[in-house]
Amino acid sequence: MFKLIDGKAHSARLRGEIRARAEKFSEACGRQIGLAVVLVGNNPASQVYVRNKIKACEEAGIKSFANYLPDDATQSQVEELVTSLVEDSKVDGILVQLPLPKHLDEKAILDLIPVEKDVDGFSEQNIGRLCMNRDCLVACTPNGVMQMLKAEGIDLKGKNAVVIGRSNIVGKPMAMLLLNADATVTVCHSKTENLKEICRNADILVAAIGRAKFVTADMVKQGAVVIDVGINRNAEGKLCGDVDFDAVKEKCSYITPVPGGVGPMTITMLLYNTVCAAERSCKL
Ligand code: GUN
0 MFKLIDGKAH SARLRGEIRA RAEKFSEACG RQIGLAVVLV GNNPASQVYV
50 RNKIKACEEA GIKSFANYLP DDATQSQVEE LVTSLVEDSK VDGILVQLPL
100 PKHLDEKAIL DLIPVEKDVD GFSEQNIGRL CMNRDCLVAC TPNGVMQMLK
150 AEGIDLKGKN AVVIGRSNIV GKPMAMLLLN ADATVTVCHS KTENLKEICR
200 NADILVAAIG RAKFVTADMV KQGAVVIDVG INRNAEGKLC GDVDFDAVKE
250 KCSYITPVPG GVGPMTITML LYNTVCAAER SCKL
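Mapping of the sequence shown onto numbering that gives the first Met the number 0: residues 0 to 283, in sequence order.
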């Protein structure tokens, strides 16, 4: 029998804690915690994400500062905006929604965000600190996975963890977090040979590929913990993960569904990082 990891329930519990910390911050520091969100252009998926992030802030008692620039905004317009947010003492965290329009230099823009306001955890400094297992702001999606594994009491020490996907946003920080938790980590990607055999050896399997039903039952060890980070749409437009859930679930000890697994935790961890950043700046 497998246990479903309920991301909505984990998320609700954490958001309660975040709200309480945000209230305490307001009383102690005489202002609300502030998160600045920057959206450039009109990518429909990004618009939905940003709307959801702003709504989540409101519900958590965090003040959001929404900043929208047009699709044809220049590099210097975006840089000026980000710089003004860096200098604004009411802003504890800055989030530049990705992807940016093609003509913009994404790295130069993200490099303007100082490590202490980098609530996405994308900066070189935060990633470097993560690699060295030092205190840092951790990318939201992999941090959400770790929070769920911890809350479920899943032991990682000495276990074989396999991460499929090596993106800077998910795969790489996920691998580092698992390594820091004493798992033995293998990172697989599109050029990996013997992928099936490697996955079949995984006690913890994290799928972050971006291809529907990529992970099939013959890739999963009996009793494995399977974490599905994928958000794909199938031919009927229905949301589905990277794991063939119905075929894989019976082999698992734990599995996350899509939707309702990792997804709800991503925004929760953004709120969590924002609260951590604010508390540090206010020396709480
Ligand atoms: N685009 C897709 N995921 C993310 C994320 O976690 N943060 C930002 N800033 N942009 C994204």
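Heads up, the beta-carbon is just placed ideally off N, CA and C, and yes, glycines get one too.
Where ARG232 falls: helix, strand or coil (DSSP): Looking at ARG232 - three-state DSSP - the assignment turns out to be strand.
heavy atom of the ligand GUN below 7 Å from THR265 C-beta: Distances between the C-beta of THR265 and the heavy atoms of the ligand GUN include at least one below 7 Å.
Range of the contiguous alpha helix (DSSP H) that encloses GLY143: Taken as a continuous stretch (DSSP letters only), the alpha helix (DSSP H) holding GLY143 covers 139-150.
beta-carbon LEU94 near the ligand GUN non-hydrogen atom, thresh 7 Å: Because some heavy atom of the ligand GUN lies under 7 Å away, the Cβ of LEU94 counts as near it: yes.
Exposure of PRO69, with buried meaning 16 or more beta-carbon neighbours within 10 Å: PRO69 should be labelled exposed.
Supposed close pair PRO258, LEU238 - CB separation, criterion 8 Å: The C-beta distance from PRO258 to LEU238 rounds to 5 Å, short enough to fall under 8 Å.
Cβ-heavy atom distance, CYS139 to the ligand GUN, below 7 Å: Yes, the beta carbon of CYS139 sits closer than 7 Å to at least one heavy atom of the ligand GUN.
Close beta carbons around ALA206, own chain, < 8 Å, minus the five adjacent residues each side: ILE163, GLY164, PHE213, VAL214, VAL225, ILE226, ASP227, VAL228, GLY229, GLY240, ASP241 and VAL242, listed in sequence order.
Euclidean distance between Cα positions of ILE112 and ASN51: Each residue's Cα considered, the two are about 22 Å apart.
Distance between ASP71 and SER88 (C-alpha atoms, nearest Å): Rounded to whole angstroms, SER88 to ASP71 spans 29 Å at the Cα level.
Integer Cβ distance of VAL161 from ALA201, believed to fall under 8 Å: Between ALA201 and VAL161 the Cβ distance is about 4 Å, and since that is below 8 Å, they are a contact.
As assigned by DSSP and simplified to three states, the class of ASP297: Nothing about residue 297 can be read from this structure; the chain reaches only from 0 to 283.
The region 122-129 touching the region 93-100, judged by at least three CB pairs closer than 8 Å: They do not touch, by the three-pair rule.
VAL274 vs ILE93 beta-carbon contact at 8 Å: Cβ distance not < 8 Å, so VAL274 and ILE93 don't count as in contact.
Sub-8 Å separation of LEU13 and TYR271 beta-carbons: Contact flag set, yes.
Assigned exposure category for PRO43 - 16 Cβ within 10 Å defines buried: Result: exposed.
PHE24, DSSP secondary structure in three states: Correct three-state label for PHE24: helix.
Rounded straight-line distance, which links the Cα of GLY33 to that of PRO62: According to the sequence displayed, residue 62 carries Lys and not Pro. Within the model, the alpha-carbon separation for LYS62 versus GLY33 is close to 5 Å.
Among ASP217, CYS28, LYS7 and CYS251, the one whose alpha carbon lies nearest that of ARG279: For ARG279, the closest of ASP217, CYS28, LYS7 and CYS251 by C-alpha to C-alpha distance is CYS28.
Within 8 Å, strictly: CB atoms of ALA182 and LEU155: The answer is yes: Cβ separation under 8 Å.
Which residues DSSP lists as bridging ASN42, in chain order: Here ASN42 is not bridged, per DSSP, to any residue.
Local Cβ density within 10 Å of HIS9, reported as buried at 16 or more and exposed below that: Here HIS9 is buried, its C-beta having at least 16 other C-beta atoms within 10 Å.
VAL39 to LEU109 span [Cα, whole Å]: VAL39 and LEU109: Cα-Cα distance of roughly 13 Å.
Euclidean distance between Cα positions of VAL184 and VAL90: In a straight line, the C-alpha of VAL184 is about 36 Å away from that of VAL90.
Pair within 8 Å by beta-carbon distance, LYS195 and MET218: Their beta carbons are under 8 Å apart, which means LYS195 touches MET218 by this criterion.
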